[in-house]
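Numbering (our numbering), first residue to last: 78 to 163. Here's the structure, in structure tokens; my notes come after.
Written as structure tokens, this is what we have:
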């Protein structure tokens, strides 16, 4: 299993702690340094049954600068969100 984390994020650190406590076998990917491509993001979203806006931290500085909180959240806007995430 691969977990995508931002070490500065408390939820990410908590997830790693839970995996460690369970003795899970996993690898860490620091997604801010090793940014996933659009196809990877689509694959993960499909497997999780989520949309890109479900996993986007819209209160982060860059997201605010892009105005992501105001972007449409529908099928027509999905590719725009995925491009921004990648």
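Backbone N, C-alpha and C define an ideal beta-carbon position, used for all residues, glycine too.
In angstroms with no decimal places, state the Cα-to-Cα distance between residue 159 and residue 128. Position 82 of the chain shown, counted from the first residue, corresponds to residue 159. Position 51 of the chain shown, counted from the first residue, corresponds to residue 128. So the two alpha carbons sit approximately 9 Å from each other.
N-terminal and C-terminal residue of the beta strand (DSSP E) that residue 159 is part of: If you number the chain shown from 1, residue 159 lands on position 82. Note, residue 159: premise wrong, no beta strand (DSSP E); alpha helix (DSSP H) at 155-162.
Can you find a C-beta in chain C that's less than 8 Å from the C-beta of residue 161? Chain labels in this structure do not include chain C; a single protein chain is all it has.
Check residue 132 in the structure and name its three-state DSSP category. Residue numbering aside, residue 132 sits at position 55 when the chain shown is read from its first letter. Looking at residue 132 - three-state DSSP - the assignment turns out to be coil, as it is neither helix nor strand.
Proximity to residue 101 [Cα-Cα], best of 78, 121, 116: For the purposes of this step, residue 101 is identified with residue 24 of the chain shown, where counting begins at 1. The shortest Cα separation from residue 101 among 78, 121, 116 belongs to 78.
Please state whether the Cβ-Cβ distance between residue 103 and residue 96 is less than 8 Å. For the purposes of this step, residue 103 is taken as the residue at position 26 of the chain shown. For the purposes of this step, residue 96 is taken as the residue at position 19 of the chain shown. In contact: residue 103 and residue 96 (Cβ atoms closer than 8 Å).
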